[in-house]
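One structure is given here, and the rest of the page talks about it.
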Amino acid sequence: MAAPRLDLHPDRLLPLDPQARAIARRLYEQVERLPIVSPHGHTDPRWYADDAPFSDPATLFVVPDHYIFRMLHSQGVDLADLGVPRRDGAPVESDPRRIWRRFADHYHLFRGTPTRAWLDHSFATLFDLDVRLTPATADIYYDRIAERLAQPAYRPRALFERFNIEVIATTESPTDPLDAHKAIRASGWKGRVITAFRPDPVVDPQFENFPHNIARLSELSGIDATNWDGYLAALRERRAYFKGFGATSTDHGHPTARTCDLSRAECERLFALAITGRCSPEEAELFRGQMLTEMARMSLDDGLVMQIHPGSFRNHNPRLFESNGRDMGADIPTRTDYVRALKPLLDRFGDEKSLTVILFTLDETTYSRGRPARRPLSRLAPGSGLVVLRRPARHAPFP
Amino acid sequence: MAAPRLDLHPDRLLPLDPQARAIARRLYEQVERLPIVSPHGHTDPRWYADDAPFSDPATLFVVPDHYIFRMLHSQGVDLADLGVPRRDGAPVESDPRRIWRRFADHYHLFRGTPTRAWLDHSFATLFDLDVRLTPATADIYYDRIAERLAQPAYRPRALFERFNIEVIATTESPTDPLDAHKAIRASGWKGRVITAFRPDPVVDPQFENFPHNIARLSELSGIDATNWDGYLAALRERRAYFKGFGATSTDHGHPTARTCDLSRAECERLFALAITGRCSPEEAELFRGQMLTEMARMSLDDGLVMQIHPGSFRNHNPRLFESNGRDMGADIPTRTDYVRALKPLLDRFGDEKSLTVILFTLDETTYSRGRPARRPLSRLAPGSGLVVLRRPARHAPFP
Amino acid sequence: MAAPRLDLHPDRLLPLDPQARAIARRLYEQVERLPIVSPHGHTDPRWYADDAPFSDPATLFVVPDHYIFRMLHSQGVDLADLGVPRRDGAPVESDPRRIWRRFADHYHLFRGTPTRAWLDHSFATLFDLDVRLTPATADIYYDRIAERLAQPAYRPRALFERFNIEVIATTESPTDPLDAHKAIRASGWKGRVITAFRPDPVVDPQFENFPHNIARLSELSGIDATNWDGYLAALRERRAYFKGFGATSTDHGHPTARTCDLSRAECERLFALAITGRCSPEEAELFRGQMLTEMARMSLDDGLVMQIHPGSFRNHNPRLFESNGRDMGADIPTRTDYVRALKPLLDRFGDEKSLTVILFTLDETTYSRGRPARRPLSRLAPGSGLVVLRRPARHAPFP
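Protein chains in written order, with my numbering: chain U, 150 to 548; chain H, 150 to 548; chain X, 150 to 548.
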C-alpha cells in the first residue's frame with residue numbers, strides 16, 4: 150500500500166466559513182511576506198554562535214521538545230527510550246534512528262494538535278517530504294532529514310536568513326555571561342540575535358539553587374548581592390549588561406501574576422530569608438511579587454519592556470523532576486487572576502506612561518469576563534493571546 | 150483623498166453563517182419595531198425633566214462616557230484634556246471642539262469594539278453622517294452634530310419619542326429626593342420615565358461618605374436610621390416612596406454576589422460598626438451580603454424585583470479615584486461565584502414564588518459550567534446575558 | 150388548527166457550517182450502527198431483572214427525571230403535583246394522566262435544551278408520534294405511549310436489544326447486595342448488564358446515614374469495618390464481589406477533585422471521627438480526598454478503572470432536601486480545580502502505567518486553559534467531555 154500523502158491545506162489555520170476565510174486570507178496575504186520579529190523566540194544562541202550543523206533528526210526534533218516527548222510519556226513511553234537525558238547521568242537511548250522510529254510509532258497521537266500542524270509544515274516545506282510520517286515511513290523521513298541537515302543550507306544561520314528573520318530574542322538568566330552573544334557579535338555575521346533578561350533564577354526563592362544563583366550574580370556583576378541594596382544594584386548592573394547585547398525586554402515566568410509593594414523592612418527580611426533558603430511558600434510568593442514591582446521600577450529607568458507569563462504550575466510531577474529536572478513537560482496551565490494580582494504594581498507604577506507590560510495568558514477564561522459590556526480598558530486591555538497594559542511605550546520590544 | 154465612507158452593514162450584529170443569519174434576521178424582524186422597554190437605562194432623569202438641548206458633541210458623547218475616555222486614557226491621553234472634571238475643581242479642557250478633535254484623533258482605537266458599533270450607528274442614523282470619523286472629518290462631525298443638537302427634534306423628549314421608548318427606568322439612590330421625577334410628572338409630558346431603587350450608597354459600608362449617607366437617609370425618610378430597626382424602617386419607607394415614582398425594581402452593584410443570613414445580634418453589631426466607619430473589609434462584605442437578604446425580604450412585601458449585578462472590581466486605580474472620583478472607567482470584571490454566594494439568601498427566601506431576582510453577569514465563564522449535561526435549572530437558570538432565578542414573578546420589572 | 154408537526158432534522162446535532170457538517174456526517178455514519186457500550190448508564194438493574202412493563206408515561210418520563218421536574222419546579226410547579234414522592238410519605242399526585250398534562254402544559258420551557266432534543270427523539274422514533282407535545286396533544290401522547298408500553302416490544306429487555314446495547318453498566322453502592330444483578334444472571338437472559346462500584350455512601354462522611362452505611366458495609370462484607378484497616382479490607386472485599394458481577398470500574402461523585410495522601414495516623418483519626426458523625430466539613434473533605442487515593446491504590450491491585458466526576462454542589466436547596474431527599478435537581482455545577490486537587494493522588498500513583506482514571510467535568514472552562522500553547526499532556530489530557538489520565542489501561546471499562 151502506498152503511504153498516505155502529506156498535503157498541507159493552504160487555508161489550514163484559517164476559519165472554515167467561506168466569508169470569514171476570505172477575510173482571513175486577505176489579512177494573511179498582507180503579512181505573509183513580512184520579516185519575522187520574534188520577541189520571545191526560545192532558540193539557543195549557541196546555534197547562531199557556532200553555526201554547527203544540527204546533528205540528526207531525533208536530536209533536533211524529539212529529544213529537546215517537551216511538547217513531543219510528554220505526549221509519548223503520557224501514553225506509557227519511557228523518556229529514557231526517547232534519549233531524554235537524566236540528572237544522574239544514567240544511560241538513555243543513544244541511537245537517534247531508534248528514537249525517531251519510536252516517535253514515528255506514536256505520531257498518530259498528535260492528530261489535531263498544534264504540534265502536528267507545526268511538524269507537518271516543517272517536514273513538507275523544509276524537507277520536501279510528501280508522505281505522512283508513519284511507522285512505515287519513519288526511515289524515509291530519517292534519511293531525508295539527516296541528509297538535508299548535513300547540507301550548508303540547513304545550518305542555523307542559513308535557516309535564520311531563509312526564514313526572513315529580522316530579529317530574534319533569546320532568553321538568558323542574569324547569571325549567564327552571554328558568551329554565545331559575544332561570539333555572535335565577534336563573528337561578523339549580520340543576523341540580529343538579541344538577548345532578553347529572564348531573572349527567574351535570581352528572583353524566585355523556590356528556584357533550584359537560589360542561594361548559589363545569588364552568589365553567581367554577585368560574581369558576574371562585581372557587586373555584593375547578599376544584601377537587599379546590593380542585590381538590587383547587581384540586578385541593575387546585569388540589566389545594563391544585557392542591554393549592551395541588545396536586550397529590549399525582561400521576561401518573567403511566575404506561577405501567578407501576584408505583585409506586592411512591601412515596606413523596605415519587609416523586603417530586607419524576605420531577602421535575608423530567601424538567600425538562606427528559609428522562605429515559606431507564601432514568603433517566596435511575596436518575594437516574587439515584590440520583585441515584579443522592583444523590575445517595573447527598574448524598567449522606568451532603563452526602558453526595558455516587561456513580559457509576564459504567569460499561570461503555569463511547573464514541575465507538577467515530582468518523580469519526573471527528580472529524574473530529569475525542569476522543563477520535562479510537567480507544566481500545567483492553571484486558573485489565573487490578574488485583576489487583584491497586578492493591583493499593587495499598578496497602584497505604584499501603572500500610571501507611568503513610559504512603562505510597558507506585556508501579559509501573556511495560558512487561561513483563556515480571562516477573555517470571557519466583560520464581553521457583554523463594552524470592554525473595560527483603562528487598566529487591563531485584553532487582546533488576542535496576550536494582554537497589553539498601558540500604551541505602546543517609548544521602548545517597544547523592537548524598535 | 151475622499152474620506153472613507155461610513156456604511157452600516159444591515160446584518161452587522163448577526164452571525165456570519167448564511168443559515169444562522171437567515172434565522173437571526175427572521176427573529177430580528179419580529180422585534181425590530183417593538184417599543185423599547187428599558188429596565189436598566191442609565192440616563193439622567195433631568196434630561197426628561199428639563200428637556201434642555203444637549204449642549205455640544207463633546208459634552209454629549211465624550212466627557213460623561215467612561216467607556217470612551219478610559220480607552221483614550223489607557224493610551225496616554227490625560228483625562229483633563231478630554232474635559233473630564235476633577236474633584237479638586239482644577240481647570241480642565243473647556244473647549245468642546247478641541248475635546249472632539251482629540252477623540253477623533255484616537256477613534257481608530259475603537260475598531261472592533263461594541264462602543265464603535267454603537268457610535269457609528271448613532272452617527273449614521275441620527276446625524277446622517279456618511280463618512281467615517283477620522284482626524285480629517287472631525288470638524289465635519291462636530292458641526293453636523295452641533296447643528297442638529299440645536300434643533301427641537303434632538304431634545305431629550307423628542308428623542309425619547311423618536312426611539313419609541315415605552316418606558317425607561319433611571320436609577321437613583323435612596324438619598325435622592327427624586328426631584329427630577331417630580332418635575333417630569335408635573336410637566337404633563339406623557340413619556341413614561343420611572344425610577345429604580347439603587348441602595349448601594351446606604352447598604353455598602355465602603356461607599357464614600359457612608360455615615361453621611363445614613364444621616365441623609367434619616368432626614369429624607371423622617372425615621373431615625375442610626376439603629377438597625379430604624380435603618381430597615383427607613384429603607385422600607387424609601388422603597389415605598391420610590392414605588393410612588395413608578396419603581397418596579399431594585400438594583401444592586403455589589404463587588405460579589407455574596408449573601409448572608411446573620412443573627413439579629415450580628416446585624417446590629419455590624420451596623421453599629423458601619424455607621425461609625427469602622428468596618429473591616431470582611432465585615433463590610435458581610436454587611437452588604439446581609440443587606441441583599443434584607444432587600445429580598447422587603448421585596449416579598451412590596452413586590453420590587455431585585456436586580457443584582459456583581460463582579461465588578463470598582464475604582465481599581467486609586468490615583469484616578471482620588472483625582473476624579475468613581476465611574477472613571479477603572480472598573481474591571483472579575484471572576485464571580487454565584488453558587489455558594491447566593492445560597493444564604495436562597496436558603497431563606499429562594500422557594501418563595503413571589504420573589505424575582507435578576508442576576509447579571511460580567512463573567513461569561515458562568516455559562517460554561519454544566520453544558521455537557523442537561524442544564525440544572527432549579528435554583529439558577531443561566532440565560533443570555535442574564536441569569537433569572539425562579540419563575541417570572543407577579544411583579545415583573547414592567548407590567 | 151392542526152397540531153404543529155414533530156420533525157426531527159436528520160442533522161440536528163451536527164454543526165451548521167456545510168463543510169463542517171459534511172465531515173460530521175461522514176464521521177457519524179461510521180459509528181451510527183455500532184452497538185452501544187455504556188460505561189455510565191444510569192438505568193435501574195431491576196428493569197432488566199424483572200422485565201416488567203413500564204407502568205405509564207408519567208412514571209416513566211416525568212416522576213423519576215430530575216432534569217424534567219426541576220425545570221417545572223423552577224417555574225413554580227409543586228413537585229407534589231408531579232407525583233414526586235416525599236420523604237414523609239405525605240400524599241402526592243397519583244393520577245399519571247394529570248401529571249402528564251402538567252408536563253405538557255410546560256413543555257415549551259424545554260425549547261433549545263438537550264432534554265427536549267432527547268425527548269422529541271424518543272417520542273418520534275419509539276412512539277411514532279408526529280405532532281409536537283403541547284397542551285392540546287397531551288392526551289394523544291399519553292394514550293399512544295401508554296398503549297405501546299403495554300406491548301412486549303416495550304419491555305426493558307426488548308428495548309435493550311432493540312437499542313443494540315452490547316453492554317451497560319449500572320451503578321451500585323457497596324452496601325447493595327446486587328440482588329437485581331443476581332436475578333439477571335439467574336434468568337438466563339443474554340443481555341450484558343454489569344455493575345459499577347460507587348462507594349460515595351461509605352467514603353463520604355457527609356453522606357446521609359454514613360455511620361449506618363459503614364455498619365451495613367461490615368455486615369455485607371463479613372469484615373468489621375469500624376476500624377481503618379477493617380474498613381479498607383471490607384472495601385476490597387466488596388470490590389471483588391462487584392467484579393464478580395462484571396464491574397470494570399469505580400465511580401466517584403465528589404464535590405471537588407481534591408485528593409490527599411495523609412499519614413496512617415491521620416487516616417485513622419479522620420475515620421474515627423467519621424464513623425461517629427463528628428467530622429467538620431473540612432475533615433470530611435480531607436477524608437473523601439484520602440479515599441480517592443485509597444481507591445487508586447486498590448485499582449492498582451484489582452484493575453478497576455476510576456471514574457471521577459467532581460464539581461457538582463449537591464442538594465443546594467435544603468428545604469427540598471428535607472422534603473424530598475437527594476437527586477431532586479438541586480445540584481449545580483461549580484468551578485472545579487483539577488491541577489492542584491489531583492496532585493497528591495498523582496504524586497503517589499500517577500506514574501503507574503496500569504492505573505486509568507477517567508475525569509468527567511461539568512466545568513467547561515477546564516478546556517480553556519492552555520489552548521494557545523501546544524497542550525500539556527503528561528499529567529492531564531483534556532478530551533472532549535472528559536479528561537483521561539494516563540494511557541488506556543490493561544483494564545479498560547469494557548474489554
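Glycine is no exception: its CB is placed at the ideal position from the N, C-alpha and C atoms. If you're wondering where the values come from, they're calculated on a predicted model, not measured in any experiment.
DSSP places X/Arg484 in the coil class of the three-state scheme, outside both helix and strand. For the stretch 154-166 of chain H, the set of residues with a beta-carbon nearer than 8 Å to any beta-carbon of chain X comprises Asp166, in chain order.
Only buried fits H/Ile372, as 16 or more other CB atoms lie within 10 angstroms of its CB. Of all C-beta pairs linking the stretch 472-485 of chain X to the stretch 427-438 of chain X, fewer than three are shorter than 8 Å, placing the two stretches out of contact. About 7 Å separates the beta carbons of X/Leu298 and X/Leu209, which is inside the 8 Å limit, making them a contact pair. For the stretch 473-507 of chain X, residues whose beta-carbon sits nearer than 9 Å to a beta-carbon of chain H comprise Met477, Gly478, Ala479, Asp480, Ile481, Pro482, Thr483, Arg484 and Thr485. According to the DSSP assignment, H/Thr320 belongs to the beta strand (DSSP E) that extends over Ile314 to Glu321.
If you look at U/Phe509, you'll find it isn't in any alpha helix (DSSP H); it sits in the beta strand (DSSP E) that goes Val506 to Phe509. In this structure, H/Val212 and H/Gly232 form a Cβ contact; the two beta carbons are roughly 5 Å apart against a cut-off of 8 Å. In this structure, DSSP gives U/Val233 a state outside helix and strand, which the three-state scheme calls coil. Taking 8 Å as the threshold, the shortest C-beta distance from H/Thr264 to chain X does not fall below it. Residue-level contact check: X/Ala169 touches chain U, since one or more beta carbons of chain U fall below 8 Å from its beta carbon. Restricting attention to alpha helix (DSSP H) runs no shorter than 4 residues, the stretch 318-359 of chain X encloses them at 328-336 and 349-352, ordered along the chain. Around U/Phe312, the same chain offers Ile185 as residues with beta carbons nearer than 8 Å, after the five sequence neighbours per side are excluded. Within chain U, the residues whose beta carbon sits less than 9 Å from that of X/Thr514 are Arg484, Asp512, Glu513, Thr514 and Ser517, listed in sequence order. For H/Leu162, the closest C-alpha among the options H/His215, H/Asp227, H/Trp267 and H/Thr399 is that of H/Trp267.
Residue range Pro245 to Asp254 is occupied by the alpha helix (DSSP H) that includes U/Asp254.
In chain order, Asp496 make up the part of chain X whose C-beta sits under 8 Å from the C-beta of U/Pro467. Identification of residues in the stretch 217-228 of chain X having a C-beta nearer than 8 Å to some C-beta of chain H yields Arg219, Met220, His222, Ser223, Gln224 and Gly225, given in sequence order. Under DSSP, the beta-bridge partners assigned to X/Val454 are X/Ser398. Shortest Cα-Cα distance from X/Ile317 to any of X/Ser370, X/Thr408 and X/His191 involves X/His191. For the options U/Pro404, U/Arg293 and U/Gln300, the alpha carbon positioned closest to that of U/Ala207 is the one of U/Arg293. Note that the C-beta distance between X/Arg413 and X/Pro323 is not below 8 Å. By the beta-carbon neighbour count (other beta carbons within 10 angstroms, threshold 16), H/Ile217 is buried.
Looking at the backbone, the Cα of H/Gly402 and that of H/Gln439 are separated by about 14 Å. At a cut-off of 8 Å between beta carbons, H/Phe391 makes no contact with chain U.
Rounded to whole angstroms, the gap between the alpha carbons of X/Val241 and H/Thr399 is 37 Å. Per DSSP, X/Ser187 is one residue of the beta strand (DSSP E) stretching across Ile185 to Ser187.
Boundaries of the alpha helix (DSSP H) harbouring U/Asn473: Pro467 to Asn473, taken from the DSSP string. Nearest Cα to X/Val506 within the set X/Asp244, X/Leu495 and X/Arg334: X/Leu495. Counting the other CB atoms within 10 Å of its CB gives X/Thr274 a total below 16, which places it among the exposed residues. Judged by DSSP in its simplified three-state form, X/Arg463 adopts coil rather than helix or strand. Counting only Cβ-Cβ distances below 8 Å, U/Phe462 has contacts in chain X at Val488 and Arg489, in chain order.
Per DSSP, the continuous alpha helix (DSSP H) segment holding H/Cys416 begins and ends at Arg413 to Ile424. Counted as a single uninterrupted DSSP element, the alpha helix (DSSP H) harbouring H/Phe276 occupies residues Pro263 to Phe276. Sixteen is the threshold: when 16 or more other Cβ atoms of the shown chains lie within 10 Å of the Cβ of X/Asn466, as they do, the residue is buried.
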